[in-house]
Every structure is written in structure tokens, then in C-alpha cells.
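Heads up, the thing below is written out as C-alpha cells.
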Amino acid sequence: MASTMTNAAPAVATPDDGPIYIDTQHDDMVHDSQLDYYGCKLATSSSDRTVKIYDVSGNSYTHTATLEGHEGPVWEISWSHPKFGVVLASCSFDGSVLIHRESRPREWTLIHAARNLHESSVNGVEFCPHEFGLIAAAASSDGKVSVLTHREDDTWSVEYITDNSLGVNSVSWAPYAAYSNSSKEENDEAAAVASPQQRLVTGGCDNSIRFWTKSIVSGQWEEDSAPVGKGVVHTDWVRDVAWAPSVVLGMNIVASCSEDRCVIIWTQTGGPEETWEPKLLNRFDAPVWRLSWSVTGSILAVSSGDSTVTLWKQNLDGDWSQVSTVQDVPGTSASG
């Protein structure tokens, strides 16, 4: 991947304490923006086939690099944990995932080009919890999820999960400690069940979410056996899924959003075999495109097609309420 460095002077995003708006200088629609682990670097991806990198400090930002190499719109990006260095994955309509590392400040190197990884558009990519290693999952319109794993000899292996024939729009990893101490039993069998396993949730064009687990016994990816409740369901494509950080022992929470304008919160309490119970968070005025949890897992950000980002928090009684709204600037879209 080619990278273009820039020595631009820092720009001040906003003079007050409100939202920071960044003029990305992309030539087309921006689809994704992600802050790194420390919140000091921002990456954006666009239909102009590039990824732009910014250093962010307070209310100022500096454009430091433009990454090129994709042959189609770049839908999504994901930062790895800093223990692996400054590493960024991007996925594109061109069926590829590119992984790049900042080798020196403002100098980026393509460390893996998974071209033709899928037969169709790659819609989502995300690095897994760092405890498992440098591993990224990618969701594609060809109905499969690929799992790219960095090996000790500096090569990459790939595994495929066949999800659904209509296509997969999004993928999200379970936290490393998602099922730690979920069982009160102190025997070997319970400990084996609760030992950390790689787990994924996917959102598809079949209006469904699916849970996948990498078996400790076989080493293969298998669809999770836990039942998924049907009390509330999506009636259109699921555009994004987000597994919340682990906060309460024995409880896991996943959010999903859809073109049906709904966000559903799925809660599993008691252990990995318990039912994922759905609850409608809200029905919005436009299709809902993206979801993002706060680091503590207490606040959910929802990006909808009416150029609005809303923040939601769960009350003590279990209901969800809106705590804030961020209106987008005119002429832009919140669909990224």
C-alpha cells in the first residue's frame, strides 16, 4: 500500500467544548472513523479508496498520512491493540483486507495484503481481543466471515466461517473475559467451559444475528449452541453488531441495528448456554447504520441515516434512555 506523508500544521477543530468536527479532505463519502487505543490517532475511510490518518490532541488535529491501495470504497477500519505496534486493518468493496503498520512516525508499511480474500465486498473488519494474538475477522457479502491470524513466522493464516448465503454486513468479537467466572461451580468441567474462547457475533442480510465459537477441542469455528430469543426480531438487513465490554460477571450484552430503523439489545445472563434475550432499545426515524460502545460498556452510541448520533444508557430498572444527541454538520452523513 502506498502512503503519502504530510507535514501539515495542526488545525483547530472547534473553539468550544462541543463536538470536534474534522475536515477530512476526503474526495468522497466517509464511511468509518476510528480512534486508536489511546485516543491520540484517528483513522478515516472513504469511497475515494483511501484511509487518512490524523494525530489528535485536545481540540486540534494534524493530517499525518494517506494510505492507498484499495481498488474500491473502503467501508471499515480497525486498530489493533498497541502491544502489536501501531497497526490498522481496512476492508473494501474490492474483496480485500489490507493491514498496515506505522514503522516510523508518519511512515506506514503494508504488512499484509489479503487481496481476493472474498468473492464479494468485505463490509466489516475488527481485531480480536489482544490476549488471543494479532487476529482480525472480516465479514463479506459472499456470505462468509474470514479470520486472519498472524503467525510466529510472520505469515498470516486464514479460516472461513460460512454464515448465510445472503451476505454478512458486520462482525464483532466477544471480550476476552466474556464468560470468566460465569459458573459458580468450582470443578474442572465448569472451568473448561468458562475458559476463554474466541467468540464472534455477526449481522447479516438475512435479518439475523449469529454467534460463533472456536472450539477448544476441534479448533474449528462452530455456530454457538445458545438459543437466540425471538421476542423481538429485525425485519430488514442487520447493518451492525457490537458486543459490549464485560462489566457484570455472568452477563453478556450485544447490540444490533438494522435498516428496519430498530436497535435491539441482546442480553445473556448466567452462562454460555443461556438464551440471548432481545429487548427493543428504540425505533428511530431512519435506518440505523452503526453502533459503538463506550470503553466501560455503559453507554451505546447509535448512528442513524438522519445524520444524527444518539447516546443511550441503561437505567437501574433495565430500560434504556437517551442521554445525548449529536447533530451532524450540514452536507454530511452519519451513515459511516
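Basically our numbering = 1-based index in the sequence shown + 39. Cβ atoms here follow ideal geometry from the backbone N, Cα and C, with glycine treated the same way.
Q353 at chain B interface by Cβ criterion, 8 Å: Of the protein chains in this structure there is only one, and it is not chain B.
Assigned exposure category for K91 - 16 Cβ within 10 Å defines buried: Within the sequence shown, residue 91 is the residue found at index 52, counting from 1. Under this definition K91 is a buried residue.
Collapsed DSSP secondary structure at E141 in the structure displayed: Working through the sequence shown from its first residue, we reach residue 141 at position 102. Strand.
Own chain residues within Cβ distance below 6 Å of I338, not counting five before or after: Here the question's residue 338 lines up with position 299 in the sequence shown. Taken in chain order, the residues that qualify are L350, K352.
Residue range of the unbroken beta strand (DSSP E) whose run includes D279: For the purposes of this step, residue 279 is taken as the residue at position 240 of the sequence shown. In this chain, the beta strand (DSSP E) harbouring D279 covers 277 to 282.
Rounded C-alpha distance that separates D66 from T306: Residue numbering aside, residue 66 sits at position 27 when the sequence shown is read from its first letter. Residue numbering aside, residue 306 sits at position 267 when the sequence shown is read from its first letter. Whole-angstrom Cα-Cα distance: 40 Å.
CA nearest to the CA of V287, picked from S264, T308, C301: In the sequence shown, residue 287 corresponds to position 248, counting from 1. Closest option to V287, Cα to Cα, is T308.
Reference I150, options L74, V280, S142, closest by Cα: Reading the sequence shown from its first residue, position 111 is the one you call residue 150. The residue with the shortest Cα to Cα distance from I150 is S142.
Own chain, CB closer than 6 Å to D71, minus 5 neighbours either side, in chain order: Here residue 71 is taken as the residue at index 32 of the sequence shown, counted from 1. Hits under 6 Å: S84, E115, I116, G375.
Residue nearest to S297 in terms of C-alpha spacing, selected from V186, C244, G134, V125: In the sequence shown, counting from the first residue as 1, residue 297 sits at position 258. Cα-wise, what sits closest to S297 is C244.
C-alpha distance - S96 paired with C79, whole-angstrom precision: As a working note, residue 96 is residue 57 in the sequence shown. As a working note, residue 79 is residue 40 in the sequence shown. Distance between the alpha carbons of S96 and C79 is about 6 Å.
Residue span of the beta strand (DSSP E) that contains C301, given as start and end: On the sequence shown, position 262 is the one that residue 301 refers to. From DSSP, the beta strand (DSSP E) with C301 extends over 301 to 308.
Host beta strand (DSSP E) of N162 (start-end): Within the sequence shown, numbered from 1, the residue matching residue 162 stands at position 123. Run containing N162: 161 to 166, per the beta strand (DSSP E) assignment.
As assigned by DSSP and simplified to three states, the class of F132: On the sequence shown, position 93 is the one that residue 132 refers to. F132 falls in the coil class under three-state DSSP.
P317 - containing beta strand (DSSP E), residue span: One-based indexing of the sequence shown puts residue 317 at position 278. 316 to 322 is the extent of the beta strand (DSSP E) around P317.
Cα-Cα separation, N98 to V256: Indexing the sequence shown from 1 puts residue 98 at position 59. Indexing the sequence shown from 1 puts residue 256 at position 217. Their backbone Cα atoms lie some 50 Å apart in a straight line.
Run of the beta strand (DSSP E) containing S180, from where it starts to where it stops: Residue mapping note: residue 180 aligns to position 141 of the sequence shown, counting from 1. Careful: S180 lies outside any beta strand (DSSP E) and carries neither H nor E.
Three-state secondary structure assigned by DSSP to E313: What you label residue 313 is simply residue 274 of the sequence shown in a count that begins at 1. Residue state, collapsed to three classes: coil.
At least three beta-carbon pairs within less than 8 Å, the segment 320 to 335 to the segment 257 to 264: no
Cβ pair M282, V341 closer than 8 Å: Along the sequence shown, one-based indexing puts residue 282 at 243. Along the sequence shown, one-based indexing puts residue 341 at 302. The sequence shown places Trp at residue 282, rather than the Met named in the question. By the CB criterion at 8 Å, W282 and V341 fall outside the cutoff.
Beta-carbon proximity check, G134 vs N208, cutoff 8 Å: The residue labelled residue 134 in the question sits at position 95 within the sequence shown. The residue labelled residue 208 in the question sits at position 169 within the sequence shown. No, the Cβ-Cβ distance between G134 and N208 is not below 8 Å.
beta-carbon W328 near the ligand FAD non-hydrogen atom, thresh 7 Å: This structure lacks the ligand FAD, and indeed carries no ligand of any kind.
D94 and T105 closer than 8 Å at C-beta: Numbered from its first residue, the sequence shown carries residue 94 at position 55. Numbered from its first residue, the sequence shown carries residue 105 at position 66. No; because the gap between Cβ atoms is not below 8 Å, this pair is not in contact.
CB contact flag (S160, S179, <8 Å): Taking the sequence shown and counting its residues from 1, the one referred to as residue 160 is at position 121. Taking the sequence shown and counting its residues from 1, the one referred to as residue 179 is at position 140. Yes; because the gap between Cβ atoms is below 8 Å, this pair is in contact.
Beta-bridge partners of C79, as assigned by DSSP: By one-based count along the sequence shown, residue 79 stands at place 40. According to DSSP, C79 bridges with nothing at all.
When S234, V365, D75, S129 are compared against T252, the one with the closest alpha-carbon: Here residue 252 refers to the residue found at position 213 of the sequence shown. Measuring from the Cα of T252, the nearest candidate turns out to be S234.
C-beta contact flag for F123 and L74 at 8 Å: Counting from 1 along the sequence shown, the entry for residue 123 is found at position 84. Counting from 1 along the sequence shown, the entry for residue 74 is found at position 35. Result no, Cβ atoms of F123 and L74 do not sit closer than 8 Å.
Anticipated Cβ contact below 8 Å, A265 with V210, distance rounded: As a working mapping, residue 265 is identified with position 226 in the sequence shown. As a working mapping, residue 210 is identified with position 171 in the sequence shown. About 18 Å; that fails the 8 Å criterion.
Cut-off 6 Å between Cβ atoms - residues of its own chain near F132, not counting five sequence neighbours on either side: By 1-based counting over the sequence shown, the position of residue 132 is 93. So the list reads G111, P112, S160, once near-sequence residues are dropped.
Which of helix, strand or coil DSSP assigns to K269: Taking the first residue of the sequence shown as position 1, residue 269 is located at position 230. If DSSP states are grouped into helix, strand and coil, K269 belongs with coil.
Among E165, D181, T63, nearest to C130 - alpha-carbon criterion: Taking the first residue of the sequence shown as 1, we reach residue 130 at position 91. The candidate whose alpha carbon is nearest that of C130 is E165.
Proximity to P121 [Cα-Cα], best of P168, D358, V293: As a first step, residue 121 must be located in the sequence shown, where it is residue number 82. Out of P168, D358, V293, P168 has the C-alpha closest to the C-alpha of P121.
Reduced DSSP category for E170 - H, G, I as helix; E, B as strand; rest coil: Position 131 of the sequence shown, counted from the start, is the residue given in the question as residue 170. DSSP places E170 in helix when its eight states are reduced to three.
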